[in-house]
Structures are given as C-alpha cells and as structure tokens.
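Reviewing the structure listed below.
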Amino acid sequence: MSLIHCIYASSATRSFEVADIPSLLEHARAKNARLGITGMLLYIEGSIFQVLEGDAGSVDSIYTAISADRRHARVTQIIREPIAHRAFEDWTMGFESLDRGQASRLLGVNDFFATASCLERINPGRAKKLLFAFASGRWRADQTGVHVARARVA
Amino acid sequence: MYTSLARASRNDVVSSSISFAFQPIADIESRTVFAYEALVRGPRGESAQHVFSTVSSGQLAEFDHHARIAAVNLASRLGLSARISLNLLPGSLHACPGSLDELLGRAQESGLALDQLLIEVTESEAIERPGEFIDLLNRYRVHGLQLAIDDFGAGYAGLNLLADFQPDLVKLDMHLVRDIDRAGPRQAIAKGVLQVCDDLGIEVIAEGVETLGEYHWFRRVGVRLMQGYLLARPCFEALELPAFPERLGGTEVMARDR
C-alpha cells in the first residue's frame with residue numbers, strides 16, 4: 001500500500017452552500033473511515049481547499065469523483081505525491097474539528113486563524129504549508145486574496 | 155559489482171582519504187540549525203577540488219556514493235541532531251542505482267532518522283534526467299527522505315521543472331542572492347520564485363548569504379532558511395552553530411560588528 005496525499009482547490013457552485021458542508025462531510029466521513037482516508041477541508045468565501053490522504057487507489061478514486069461533482073467548479077489539483085506520514089492522522093475529515101459545527105465562523109481568514117488552534121497538532125510539511133497558503137489568499141477563486149497578498153509584499 | 159567484503163574495504167579506503175566540513179543551514183525564525191550541509195574535504199582539510207582531482211572520472215559515481223556514507227558516519231559521530239544535507243554528483247545515481255538504498259540503511263545503523271536526510275541535486279541534473287528524477291523523488295519520499303534542488307535559478311529551465319515535480323526545498327542560486335538588496339532584476343526574479351514556491355508548499359533556502367543587506371532582504375520577504383558566510387563558514391570535522399544577527403535598536407546586526 002502506498003500512501004499519498006492529493007491537495008486541490010475548487011470553487012463552490014451555487015448549489016453548494018456552506019451550510020451543506022457539515023451534512024455532506026457526515027456522509028463522506030463514513031466512507032473515508034472505510035477507505036482509510038484522512039484529511040481536512042477548508043471553505044473560505046466560496047473557495048474550497050481539501051487535503052486527501054490515504055492509499056493511492058482510494059485517494060485517486062475520490063478525487064476523480066470530486067472532479068466530476070457538479071457542486072465543484074474549477075477543480076485544480078495542486079499536489080499529488082507520495083508521503084511518508086499523514087499530516088491529519090486522527091481526522092477522517094477535519095472540517096468539523098475546525099469549527100465545531102458552525103461553518104459560518106470559518107468565513108474570513110482572521111476568524112479561521114482565531115479558531116485554528118487545532119492546527120498546531122498538524123505534522124509540519126507540505127500539506128500544512130499549503131493550508132496556510134490557502135488561508136492567506138492563495139489558490140482562491142475570488143481575487144480579494146490575491147490583492148491582499150500583493151499589498152503585503154508592496 | 156563488488157562483493158560485500160570488497161565493498162567494505164573499498165569503503166575504508168574512501169573513508170581514510172576523505173573527510174568533511176559542515177556548514178549549517180540556519181532557520182533564522184527559530185534561531186536553530188535546520189541542517190548541516192556536508193562538503194567534501196581531504197583528510198587534513200584539503201579543498202574539494204583537490205580531493206576530486208585524485209578521483210578518475212570512471213570512479214566518480216562510486217566515490218560519490220561512499221562519500222555520502224562517510225559523511226553520515228562522521229556527522230553521526232559528531233552528535234548530529236539536525237538534518238544532514240548530502241550532495242549528489244550529476245549522473246551518479248544513474249551509474250550507481252542502489253546508492254540511496256544503501257545510504258538509508260547505513261544512516262539507520264548510525265542512529266539517524268530517515269527524515270533527517272536531505273539530498274541536494276543540482277537543477278541541471280534534474281533537467282537532464284527528468285523521468286529518473288521524478289521516480290527517485292517519489293521512491294524515497296515514502297521513507298521521509300527530503301529532496302532539495304541546488305543552484306535553483308542558475309539555468310533557464312528552473313521554474314519549468316516545478317511543473318512536473320515539486321521538491322521539498324529549493325536552494326536559490328547564489329548568483330541571484332549576491333547583492334540582491336541593491337539589484338532590482340534579482341529581486342524581481344527571486345520574488346517570482348518565492349511566489350511559485352509558496353503556492354506549491356516548497357521551502358526556499360537562500361544560499362551564499364554574505365552580507366546583512368542580503369540577510370535583511372530575504373528576511374523581509376519571508377525566507378527563513380539561510381546559509382552563507384554571514385552566518386557560518388564551513389567548519390572542518392565539526393558541527394558549529396551559526397552566528398545569528400542580534401536585534402539592536404530597530405535593526406539586526408552581527409555581534410562581531412558591534
């Protein structure tokens with residue numbers, strides 16, 4: 001069995017509301033547990049970022065399903081590569097752990113970091129770096145994040 | 155192929171004819187050593203050029219292989235607790251395919267964890283054999299081995315490389331680093347590389363940092379890993395700590411300049 005992670009970003013289509021995510025993940029978590037998939041999902045202002053970790057076959061089949069899912073648009077694979085360790089070992093999918101059931105609290109980077117103490121437990125590595133990159137505006141469908149990043153450099 | 159006995163004695167011959175200097179790669183945020191790069195030297199500290207001049211081109215790959223093992227053994231004897239960064243000569247994996255497997259085994263025997271090992275491959279090597287390189291990267295990554303592209307930005311194809319595979323680290327070529335605080339075009343290129351690496355979760359090491367001006371520039375744009383004479387020179391058969399700049403008033407200065 002070869003362990004990989006696949007990290008992608010997408011934008012939620014209109015039929016996909018943030019309020020849907022907890023129930024969606026409830027359903028996904030059972031399947032993830034069965035397939036040995038761990039990871040986390042972050043939703044900020046219509047943009048989705050997800051880390052999927054597990055056996056290559058399982059991760060690839062889930063990613064293929066997501067790519068074809070009408071609730072996602074502009075599904076962009078950022079990284080797919082073998083890994084030595086999972087970054088989210090204990091999480092069948094980390095969204096709930098992040099916001100304790102209130103997804104709306106995640107809207108906005110500041111709120112995200114304020115409630116993200118659980119992120120300290122994540123193993124350092126590429127998944128964590130990309131997660132923070134996304135939270136600070138990279139890989140987001142809307143352009144506000146890009147402007148924020150540019151303004152900071154200037 | 156050598157028998158294991160022949161290999162062992164060959165190993166001893168190489169070990170007695172070479173040694174290493176170690177230069178730290180510093181994490182300036184946490185003020186710790188991220189890794190020590192092992193640099194080949196003669197047994198009495200002779201230069202790398204001198205050592206390589208005694209090796210025939212046909213023996214180079216085998217020499218390179220034994221050198222990495224000797225470096226790991228020496229660093230382990232010196233009490234290494236950070237990572238160790240080991241160079242791969244261009245073409246040597248091609249000529250000596252089992253080299254990394256043996257290295258992993260020997261590192262474990264020396265008491266090192268596999269995620270303490272960092273392999274540096276030059277940009278030109280990665281470009282020349284992209285297929286092999288990707289395969290290598292992925293095969294060893296499952297063991298926790300980390301891979302850095304050395305001299306990144308030295309050639310034309312650097313950024314294109316990242317389209318097909320993403321190393322753990324890149325070391326910015328020191329020609330880009332030199333006087334960057336005063337050179338607009340270098341700043342523009344470095345910012346471009348940093349943006350790409352940020353987007354892909356690749357850590358950047360600024361290599362050959364020699365002045366406080368260069369240090370401050372990289373620090374300002376968020377580069378936390380640096381290597382160079384400003385912080386520490388290579389030190390023969392010793393793992394020295396870098397001299398971190400100290401905060402003085404609103405700025406950081408080297409203690410030795412105060």
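Line order of the protein sequences matches chains C and S. Using this note's numbering, the first residue of the first sequence is number 1, and each one after it goes up by one. Using this note's numbering, the first residue of the second sequence is number 155, and each one after it goes up by one. For glycine and all other residues, C-beta sits at the position ideal for the given N, C-alpha and C.
Practice item. Could you tell me if the beta carbon of S/A224 falls within a distance shorter than 8 Å of some heavy atom in the ligand HEM? Key: The ligand HEM is not among the ligands present in this structure, which contains no ligands whatsoever.
Check your understanding: Ordered along the chain, which non-local residues of its own chain (more than five positions away) have a Cβ less than 7 Å from that of C/I78?
Key -> I7, Y8, A9, L130 and W139
Review point. Can you tell me whether C/L98 is buried or exposed, with buried defined as 16 or more other CB within 10 angstroms of its CB?
Key: Per-residue confidence for C/L98 stands at a pLDDT of 43, beneath the threshold of 50, marking its modelled position as unreliable; the derived number appears in the next sentence. Buried, by the Cβ-count rule.
Practice item. With DSSP as the reference, label S/D304 as helix, strand or coil. Key: strand
Check your understanding: Are the segment 62 to 77 of chain C and the segment 265 to 284 of chain S in contact at 8 Å, needing three or more beta carbon pairs?
Key -> no
Exercise for review: Starting from C/W139, find everything on chain S with Cβ-Cβ shorter than 9 Å and list it in chain order.
Suggested key: D353
Practice item. Mark S/V407 as exposed unless 16 or more other C-beta atoms lie within 10 angstroms of its C-beta, in which case mark it buried. Key: exposed
Check your understanding: Distance, Cα to Cα, S/L240 vs S/K345?
Key -> 27 Å
Exercise for review: Return the residue from the list S/Y190, S/Q270 and S/G382 that minimises the CA-CA distance to S/E364.
Suggested key: S/G382
**Study point:** CA-to-CA distance, C/H72 to C/D20, given in whole angstroms
**Key:** 13 Å
Exercise for review: Counting only runs of 3+ residues fully inside the segment 361 to 408 of chain S, write out the beta strand (DSSP E) ranges in chain order.
Suggested key: 379 to 381, 400 to 402 and 405 to 407
Review point. Roughly how many whole angstroms lie between the Cα atoms of S/A221 and S/D322?
Key: 23 Å
Review point. Per DSSP, which one or two residues make a beta bridge with C/C6?
Key: C/L52 and C/R80
Review point. So which residues on chain S does C/E53 lean against when the C-beta distance must stay under 9 Å?
Key: The contacting residues do not exist; C/E53 stays about 13 Å from chain S at best.
Exercise for review: Give the straight-line distance between the Cα atoms of S/S173 and S/A224, rounded to the nearest whole angstrom.
Suggested key: 8 Å
**Study point:** Residue burial classification, C/G101 (beta-carbon count within 10 angstroms, cutoff 16)
**Key:** Below a pLDDT of 50, predicted positions are generally treated as unreliable, and C/G101, at 38, falls in that range; no measurement from the model is reported.
Point to revise | DSSP-derived helix/strand/coil call for S/Q320 | key: coil
Point to revise | C-alpha gap between C/A127 and C/V51, whole angstroms | key: 7 Å
Check your understanding: Whose C-beta lies closer than 7 Å to the C-beta of S/G265 among residues of the same chain, with five residues either side of it excluded?
Key -> S230
Practice item. Note down, in chain order, every chain C residue with its Cβ under 9 Å from the Cβ of S/H297. Key: A84
**Study point:** Contact set between the segment 206 to 234 of chain S and chain C, restricted to residues whose Cβ is under 7 Å from the partner
**Key:** none
Check your understanding: In terms of alpha-carbon separation, which member of S/F217, S/P251, S/D289 and S/L348 lies closest to S/L313?
Key -> S/L348
Point to revise | Residues of its chain near C/P82, where Cβ-Cβ distance is below 7 Å and the 5 sequence neighbours each way are ignored | key: S2, L3 and I4
Check your understanding: Are any of the Cβ atoms in chain C nearer than 9 Å to that of S/R332?
Key -> no
Point to revise | is_contact[C/R126, chain S] using C-beta, thresh 9 Å | key: yes
Point to revise | Cβ neighbour criterion (16 or more within 10 Å) applied to S/E183 | key: exposed
Exercise for review: Pick out the complete beta strand (DSSP E) segments inside the segment 207 to 273 of chain S, 3 residues or longer, and give them in chain order.
Suggested key: 237 to 241
Check your understanding: Anyone know if the C-beta pair for S/H248 and S/A302 falls short of 9 Å?
Key -> no
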